[in-house]
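Read the structure below first, then the notes.
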Amino acid sequence: MTDLADLTIAQAAVGLRAQDFNAVDLLDAVETRAAFTETHLHAYLTLDREGSRHAAEAADTALAAGDPGPLLGIPIALKDNMVTKGIETTASSQILAGWKPPYDGTAVRRLKDAGAVIIGKTNLDEFAMGSSTENSAYGPSRNPWNTDTVPGGSSGGSAAAVAVGSALGAFGSDTGGSIRQPASLTGTVGAKPTYGLVSRYGLIAFASSLDQIGPLARSVPDAATLLEAVAGWDRMDATSYHGDVPAISRSLDAGVAGLRIGIVTELTGDAFDPQVTAATNATIDRLSDAGAEVVEISLPAIEYALSAYYLIAPAECSANLARFEGVRYGLRVDGSTTEEMMARTRAEGFGPEVTRRILLGTYALSAGYYDAFYGQAQRVRTLIRNDFATAYGQVDVLVSPTSPTTAFEIGAKTEDPLTMYFADICTIATNLAGDPAISVPVGLDDAGLPIGFQIMAPALGEEVMFQVAAEIERLVEFTARPRLATSTVVAP
Ligand code: GLN
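For the sequence shown, position 322 matches number 512 in our numbering, and the numbering has no gaps at all.
So this is what it looks like as structure tokens:
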């Protein structure tokens, strides 16, 4: 019998409805998986055993009453920068150690309303700043495909949990690639929605003009189901999109015949791992064979995307993180004056990468430099947005690798922030443009590590984006599972 922890969300929903098992059985299977894998992975910071048990029992009652929604009784993990009422929420920072929020964020509340079972809170790079989860103040997470390697970041804990089966689905946040890059490195599906599609209320802010919550799952339809549960206008977020939610899962079976697909010229070349390039090209060939019209598209301003991002994101983070001063939340280190207390609290509470970003951002915003740095970066952002708009006049979606490499070894990039920043070369531009993008697994490299493929679409183009992703999933048939997941199968 299949271990219930290995089911997709869609399969689990069918089993629950058929009463093959109940929501408590499903939670038991996932917790049993976590009990073994967590000692290797550290995907979770907090497991909410009591809350998840109650939610599973409530789901079983609701299931008995009939008419279940697609997430009723499904065990889901949340990145620990999503605010959860009464459950410690740290964003992997010492400065928030012990903080139990008095409210649920909007996405969290919508998931609870849909009957999802929140298993726990997953590890991330501190305040979502990083690409490997090594910047967590509570220690790194590891990749279930090879525990000497990183699961990517910053949503590395969510990605590792989904990959290994200690959650059936998860949510992360994506400011410059933090859902898609870990999805790529762990063989999972990860989507960053159009900016404004998912409320940021209750997402601990990193860079407010870029941050978006989005799903990680083991299949494209599962990712669509998760996104549908949280998408839509929210009066608590002033940047929330007020129009109709795109029909995210309407065209999952529509195929790609007649679609125009653009390969981004700038996201190929020597800087990319040849095995990543080969898998990307093979996927493009399959799309072409399946009837898509494939062309090359140049986005010239993408060359400046990383530079612009590393001014805009730190500038916004320096403003957002000013609220952590030892008075209202978490850590306080005493001093003889209020100023000294705040300085000591921030010096001890923030880790090195967060400190670097705050310093960079504060400098970029300071009088006399504002226009040269922040202003210039905003102009580049406009150029990038224009490049995408021009491209989408010619094609339906754009494609590229998700990450220039597969999972790298723990410690390999920690000494040099710039090589770490390069991990997001393929993902950052869509955040600057505000557009959606998704990563789907398309193969393994020689070392048995997953390779991800990125599909980008115009703003509110989630329908066609998921359409292409679903077709790739069918064409590629990526069924490999990480060794850690397959070595733990236990019959219930
Ligand atoms: N790795 C990028 C950074 O460090 C993106 C992070 C993210 O998307 N949250 O800023």
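Note that the Cβ used here is the ideal one computed from N, Cα and C, for glycine as well.
Q. Any chance the CB of Gly380 is under 6 Å from a heavy atom of ligand 1?
A. Counting from one through the sequence shown, the residue named residue 380 turns up at place 190. Flag unset: Cβ of Gly380 not near ligand 1.
Q) What first and last residue would you give for the alpha helix (DSSP H) that runs through Val446? A) Locating residue 446 in the sequence shown gives position 256, where the first residue counts as 1. Careful: Val446 lies outside any alpha helix (DSSP H) and carries neither H nor E.
Q. With respect to the beta strand (DSSP E) encompassing Pro265, which residues constitute its N-terminal and C-terminal limits?
A. Walking along the sequence shown from the start, residue 265 turns up at place 75. First-last of the beta strand (DSSP E) with Pro265: 265-269.
Q: Starting from the C-beta of Pro291, find all residues in its chain whose C-beta is less than 7 Å away, skip the five residues before and the five after it, and write them out in chain order.
A: Counting from one through the sequence shown, the residue named residue 291 turns up at place 101. The beta carbon of Pro291 sits closer than 7 Å to the beta carbons of Val273, Thr274, Lys275, Thr279 from its chain, once the five residues preceding and following it are set aside; these are given in chain order.
Q) Between Ser282 and ligand 1, is the CB less than 6 Å from at least one heavy atom? A) Residue 282 sits at position 92 when you count from the first residue of the sequence shown. No; taking the cut-off as 6 Å, the Cβ of Ser282 has no heavy atom of ligand 1 nearer than that.
**Q.** Within 7 Å, strictly: CB atoms of Ile492 and Val484
**A.** Within the sequence shown, numbered from 1, the residue matching residue 492 stands at position 302. Within the sequence shown, numbered from 1, the residue matching residue 484 stands at position 294. With contacts defined as CB atoms closer than 7 Å, Ile492 and Val484 fail to qualify as a contacting pair.
Q. Just to confirm, does Ala395 get its C-beta within under 6 Å of one of the non-hydrogen atoms of ligand 1?
A. In the sequence shown, counting from the first residue as 1, residue 395 sits at position 205. Distances between the C-beta of Ala395 and the heavy atoms of ligand 1 are all 6 Å or more.
Q: Pull up the DSSP beta-bridge partners for Asn336, would you.
A: In the sequence shown, counting from the first residue as 1, residue 336 sits at position 146. According to the DSSP secondary-structure assignment, Asn336 is paired through a beta bridge with Asn333.
Q. Who does Val587 pair with in a DSSP beta bridge?
A. As a first step, residue 587 must be located in the sequence shown, where it is residue number 397. Per the DSSP secondary-structure output, Val587 pairs in a beta bridge with Ile451.
**Q.** Extent of the continuous alpha helix (DSSP H) to which Thr192 belongs
**A.** Counted from its first residue, the sequence shown places residue 192 at position 2. Premise fails: Thr192 is in no alpha helix (DSSP H) and is neither H nor E.
Q: Enumerate, from N- to C-terminal direction, the unbroken alpha helix (DSSP H) stretches of 4 or more residues contained entirely within the region 333-399.
A: Here the runs fully enclosed are 346-354, 370-376.
Q: Would you mind reading off the limits of the alpha helix (DSSP H) that contains Glu663?
A: One-based indexing of the sequence shown puts residue 663 at position 473. Taken as a continuous stretch (DSSP letters only), the alpha helix (DSSP H) holding Glu663 covers 652-666.
Q: May I ask which residues mark the beginning and end of the alpha helix (DSSP H) holding Lys311?
A: Residue mapping note: residue 311 aligns to position 121 of the sequence shown, counting from 1. Annotation for Lys311: no alpha helix (DSSP H) segment contains it, though the beta strand (DSSP E) segment containing it runs 307-312.
Q: Leaving out five residues on either side along the sequence, give the residues of the same chain with a beta carbon under 6 Å from the beta carbon of Pro504.
A: On the sequence shown, position 314 is the one that residue 504 refers to. Hits under 6 Å: Arg547, Leu550, Gly551.
Q: State the Cα-Cα distance for the pair Thr527 and Arg536, rounded to the nearest angstrom.
A: Residue 527 sits at position 337 when you count from the first residue of the sequence shown. Residue 536 sits at position 346 when you count from the first residue of the sequence shown. Each residue's alpha carbon lies about 14 Å from the other.
Q. Considering only the beta carbon of each residue, do Ile394 and Asn271 sit closer than 7 Å?
A. Numbered from its first residue, the sequence shown carries residue 394 at position 204. Numbered from its first residue, the sequence shown carries residue 271 at position 81. Less than 7 Å separates the beta-carbon of Ile394 from that of Asn271.
Q: Give me whichever residues DSSP pairs with Ser478 in a beta bridge.
A: As a working mapping, residue 478 is identified with position 288 in the sequence shown. In the DSSP output, where bridge partners are listed per residue, Ser478 has none listed.
(Q) So for Phe540, helix, strand or coil by DSSP? (A) What you label residue 540 is simply residue 350 of the sequence shown in a count that begins at 1. Residue state for Phe540 is assigned as coil, using DSSP reduced to three classes.
Q: Say yes only if the C-beta of Ser399 is nearer than 6 Å to one or more non-hydrogen atoms of ligand 1, and no if none qualify.
A: Along the sequence shown, one-based indexing puts residue 399 at 209. No; taking the cut-off as 6 Å, the Cβ of Ser399 has no heavy atom of ligand 1 nearer than that.
Q.
Could you compute how far the alpha carbon of Gly310 sits from the alpha carbon of Ile266?
A. Reading the sequence shown from its first residue, position 120 is the one you call residue 310. Reading the sequence shown from its first residue, position 76 is the one you call residue 266. Straight-line Cα distance between these residues: approximately 8 Å.
Q) When the distance is taken between beta carbons, is Ala444 closer than 7 Å to Gln644? A) Here residue 644 is taken as the residue at index 454 of the sequence shown, counted from 1. Here residue 444 is taken as the residue at index 254 of the sequence shown, counted from 1. No, the Cβ-Cβ distance between Gln644 and Ala444 is not below 7 Å.
Q: Pull up the CB-CB distance for Phe317 and Ser283, whole angstroms please, since I reckon it's below 8 Å.
A: Translated into positions along the sequence shown, residue 317 becomes position 127. Translated into positions along the sequence shown, residue 283 becomes position 93. In this structure Phe317 is in contact with Ser283, their Cβ atoms being roughly 6 Å apart against a cut-off of 8 Å.
(Q) Closer than 8 Å is the cut-off here; do at least three beta carbon pairs connect the region 244-261 with the region 367-383? (A) Taking 8 Å as the limit for Cβ pairs, the verdict is that the region 367-383 does not touch the region 244-261.
Q.
Taking the straight line between their C-alpha atoms, what separation do you get for Ala675 and Met531?
A. Here residue 675 corresponds to residue number 485 of the sequence shown, with the count starting at 1. Here residue 531 corresponds to residue number 341 of the sequence shown, with the count starting at 1. Their backbone Cα atoms lie some 46 Å apart in a straight line.
Q.
When you measure from the CB of Asp364 to every non-hydrogen atom of ligand 1, does any distance come out below 6 Å?
A. Locating residue 364 in the sequence shown gives position 174, where the first residue counts as 1. Under cutoff, so the answer is yes.
Q.
To the nearest angstrom, how far is the alpha carbon of Gly359 from that of Ala421?
A. What you label residue 359 is simply residue 169 of the sequence shown in a count that begins at 1. What you label residue 421 is simply residue 231 of the sequence shown in a count that begins at 1. Rounded to whole angstroms, the gap between the alpha carbons of Gly359 and Ala421 is 16 Å.
**Q.** Minimum C-alpha distance to Leu501 - residue among Gln209, Arg671, Tyr559, Ile199
**A.** Here residue 501 refers to the residue found at position 311 of the sequence shown. Looking only at Gln209, Arg671, Tyr559, Ile199, the smallest Cα-Cα distance to Leu501 is reached by Tyr559.
Q: State the Cα-Cα distance for the pair Ile199 and Gly263, rounded to the nearest angstrom.
A: Residue 199 sits at position 9 when you count from the first residue of the sequence shown. Residue 263 sits at position 73 when you count from the first residue of the sequence shown. If I take the Cα positions, the gap works out to 10 Å.
Q) Is Asp625 near ligand 1, with its Cβ less than 6 Å from a heavy atom? A) In the sequence shown, counting from the first residue as 1, residue 625 sits at position 435. No, the beta carbon of Asp625 sits no closer than 6 Å to any heavy atom of ligand 1.
Q | Assigned secondary structure, Val680 (DSSP; H/G/I helix, E/B strand, else coil) | A | The sequence position of residue 680 within the sequence shown is 490, counting from 1. Reliability fails at Val680, whose pLDDT of 44 lies under 50, so the model's placement of it is uncertain and the value that follows must be treated cautiously. The three-state secondary structure of Val680, taken from DSSP, is coil.
Q. Can a CB atom of chain B be found closer than 7 Å to the CB of Ala627?
A. Reference to chain B is not applicable here, since this structure consists of a single protein chain.
Q: Can you check the region 611-635 for any beta strand (DSSP E) of at least 3 residues that lies completely inside it and give the ranges in chain order?
A: With a minimum length of 3 residues, the continuous beta strand (DSSP E) runs that stay inside the region 611-635 are 627-634.
Q.
Below 8 Å, how does it come out for the region 215-234 and the region 324-344: are there three or more Cβ pairs, yes or no?
A. Short answer: they touch.
Q. In whole angstroms, what separates the C-alpha of Arg440 from that of Ala357?
A. Taking the sequence shown and counting its residues from 1, one reaches residue 440 at position 250. Taking the sequence shown and counting its residues from 1, one reaches residue 357 at position 167. Going by the C-alpha atoms only, they are around 25 Å apart.
Q.
If I follow the unbroken alpha helix (DSSP H) through Glu221, where does it start and stop?
A. Taking the sequence shown and counting its residues from 1, the one referred to as residue 221 is at position 31. Per DSSP, Glu221 belongs to the alpha helix (DSSP H) from 213-231.
Q: Report all residues from its chain with a CB closer than 6 Å to the CB of Val679; omit the five preceding and five following residues, and keep chain order.
A: In the sequence shown, counting from the first residue as 1, residue 679 sits at position 489. The predicted position of Val679 is uncertain, since its pLDDT is 47 and thus under 50; a value taken from the coordinates is nonetheless stated next. Hits under 6 Å: Asp193.
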